[in-house]
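Using the numbering used here, you'd call the opening residue of the sequence shown number 140 and step up by one each time. Please read the structure below before turning to the comments.
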Amino acid sequence: MRTSDSFKLALGGLRGNPFRSFLTALGVIIGVAAVIITVSIGTGAKVRTQSQIQRLGSNLLTISSGYRRQDSPINNSVLSLVSQLSLVDKVAPVVNSQGTLSYTSNSIDSSIIGTDANFLDIRNLQLSEGTFITQDDVERSTWNCVLGADLATELFGEDSDPLGAYVRYDRFKLYVVGIVKTMGGEGVSSNDNYVIVPYTTLQKKVTGTKSISTIYARAASSKDMTAANDQIYAALLEKTGSEDAFRISNQEVLLQFATSSTETMTLLLTGIAAVSLLVGGIGIMNIMLVSVTERIREIGIRKAVGAKDRDILRQFILESAALSLSGGAMGIVVGYVGSRIVTGVFGWPTSFDTAAAALGFGLSVFIGVFFGAYPAYKGAKLDPIEGLRHE
Numbered sequence: 140m141r142t143s144d145s146f147k148l149a150l151g152g153l154r155g156n157p158f159r160s161f162l163t164a165l166g167v168i169i170g171v172a173a174v175i176i177t178v179s180i181g182t183g184a185k186v187r188t189q190s191q192i193q194r195l196g197s198n199l200l201t202i203s204s205g206y207r208r209q210d211s212p213i214n215n216s217v218l219s220l221v222s223q224l225s226l227v228d229k230v231a232p233v234v235n236s237q238g239t240l241s242y243t244s245n246s247i248d249s250s251i252i253g254t255d256a257n258f259l260d261i262r263n264l265q266l267s268e269g270t271f272i273t274q275d276d277v278e279r280s281t282w283n284c285v286l287g288a289d290l291a292t293e294l295f296g297e298d299s300d301p302l303g304a305y306v307r308y309d310r311f312k313l314y315v316v317g318i319v320k321t322m323g324g325e326g327v328s329s330n331d332n333y334v335i336v337p338y339t340t341l342q343k344k345v346t347g348t349k350s351i352s353t354i355y356a357r358a359a360s361s362k363d364m365t366a367a368n369d370q371i372y373a374a375l376l377e378k379t380g381s382e383d384a385f386r387i388s389n390q391e392v393l394l395q396f397a398t399s400s401t402e403t404m405t406l407l408l409t410g411i412a413a414v415s416l417l418v419g420g421i422g423i424m425n426i427m428l429v430s431v432t433e434r435i436r437e438i439g440i441r442k443a444v445g446a447k448d449r450d451i452l453r454q455f456i457l458e459s460a461a462l463s464l465s466g467g468a469m470g471i472v473v474g475y476v477g478s479r480i481v482t483g484v485f486g487w488p489t490s491f492d493t494a495a496a497a498l499g500f501g502l503s504v505f506i507g508v509f510f511g512a513y514p515a516y517k518g519a520k521l522d523p524i525e526g527l528r529h530e
């Protein structure tokens, strides 16, 4: 018997009980869809993480204290030292604080970032209106401030112009000189609820110390990253006397770590999702065993008129493969739609991965053949006399 004839018989067997065929394929549909959705979420998260890190530039180094903040050796003198190093192009200090900002009757808890004029360039921020804080603001420790987009909207509303207005922070009045464009998760924080002021203002009027939370140092070029890292390390070690006093983070290392972590988590979750494919395969095997039992007489008649073992074997393997193949195809569609729903409902970034779709489809075919082999073998080895005797 030709393979095409066996395939027609296999499809006929599936069409004979369409509802049962659908329920049998449902496990494969769910398994393939789960794999695709999981990989789509993981791929989207990896792409977004890489974008967030790369957005800061591949030549950025972050210097922070290795001690508790109150004992931080990272201060103004360290900032001056790092800024004078030959392989460092530009530096920006950050002094972090928290507080409640208010305008008229609106009050918002916000992050307060003390920095200088270099911060705008180093962190690749853009202004939607106004200006950024200047070196003059830093030298005079003014309360000129720049608002994040979310904070500006919360305090002033959608259509108001905050420039030139005063917002209150504790007993201080901050003068708004600029608004940062919406950056979302890719900006200086997980949202745009922050205010930027001169770091010297926070040091003199809020913290009362010269401690700095973080120093961003930009290497002259990407190829100088390792050399710049080593130069900063040597300078800080000589100044502080202890390698535990500070930490230096490299954007390239951070990118590699974030990518590796995301890929590992995606692989783990995909493995868990793939278990449902295994369950679907077991379901196919059980139904195919039932199908062989129900069609004992049919098998006996076919063998009696000349069908060989390999013809019966091929028919049931093709029937099992067709079940899993159709389940895999529908699973790809469900997975694609599901990933779009995840993005729309939860706001998680997803990226449909054609390789994952191909893998899911290939696994579904393999599962159909693998789990259909035993029922097909059992049917092929059936004694035709026993089949003809069966009612």
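Think of the CB as a built atom: it goes at the ideal place given N, C-alpha and C, for glycine as much as any other residue.
Between D255, T409, K349, which has its C-alpha nearest A356's C-alpha?
D255
Quick check on D248: buried or exposed, where buried means 16 or more other Cβ atoms within 10 Å of its Cβ?
exposed
For E268, name the three-state secondary structure that DSSP assigns.
Assigned with DSSP and collapsed to three states, E268 falls in strand.
Determine the burial state of G511: buried for a count of at least 16 other Cβ atoms within 10 Å of its Cβ, exposed for fewer.
buried
Determine, using beta-carbon pairs with one atom in the stretch 330-343 and one in the stretch 269-287, whether at least three such pairs fall under 8 angstroms.
yes
Using the Cα positions of S463 and S490, report the straight-line distance between them to the nearest angstrom.
So the alpha carbons of these two residues sit roughly 25 angstroms apart.
Just the C-alpha distance for V444 and G474, rounded to the nearest angstrom, thanks.
Going by C-alpha positions, V444 is about 45 angstroms away from G474.
When you compare each of Y305, D331, L313 to S280 by their alpha carbons, which one comes out closest?
L313
List the whole-angstrom C-beta distance separating A497 from D448, where the pair is believed to meet the contact cut-off of C-beta under 8 angstroms.
At roughly 33 angstroms, the Cβ-Cβ gap does not stay under 8 angstroms, so A497 and D448 are not in contact.
Looking at the structure shown, is Q237 part of a helix, part of a strand, or coil, going by DSSP?
strand
Per DSSP, what kind of secondary structure is L302 in: helix, strand or coil?
Coil.
Should L313 be counted as a contact of the ligand SAM given a C-beta to heavy atom distance under 7 angstroms?
Annotation note on the ligand SAM: not contained in the displayed structure, which lists no ligands.
Applying the 10 Å Cβ sphere with the 16-neighbour rule, what's the burial state of Q395?
exposed
Could you tell me the distance, in whole angstroms, from the CA atom of Y513 to the CA atom of E458?
So the two alpha carbons sit approximately 13 angstroms from each other.
Note down the Cα distance separating F119 from A495, rounded to an integer number of angstroms.
It is not possible to answer for residue 119, since the shown part of the chain is limited to 140 through 530.
Going by DSSP in three states, K320 sits in which element: helix, strand or coil?
Coil.
Evaluate S299 with the Cβ neighbour count: other Cβ atoms within 10 Å of its Cβ, from every protein chain shown; 16 or more gives buried, anything less gives exposed.
exposed
Taking the alpha helix (DSSP H) that V481 falls in, what are its first and last residues?
448-485
Identify whether V277 lies in helix, strand or coil by the three-state DSSP scheme.
Of the three classes helix, strand and coil, the one that applies to V277 here is helix, per DSSP.
Quick one, are the C-beta atoms of L240 and Y308 less than 8 angstroms apart?
Yes, they are a contact pair.
According to DSSP, simplified to helix, strand and coil, what is A256?
coil
If you draw a straight line from the C-alpha of L406 to the C-alpha of V178, how long is it?
8 angstroms
When the distance is taken between beta carbons, is P488 closer than 8 angstroms to V186?
yes
Going by C-alpha distance, which of A184, I524, G501, L218 is nearest S352?
Among A184, I524, G501, L218, the Cα nearest to that of S352 is on L218.
Since I387 is in the alpha helix (DSSP H), which residue starts that stretch and which ends it?
First-last for I387: 385-389, but that is the beta strand (DSSP E), not the alpha helix (DSSP H).
On the three-state DSSP scale, how would you describe A358?
strand
Using the beta-carbon count (16 or more within 10 Å), is N538 buried or exposed?
Residue coverage of the chain in this structure runs from 140 to 530, which leaves residue 538 outside it and unanswerable.
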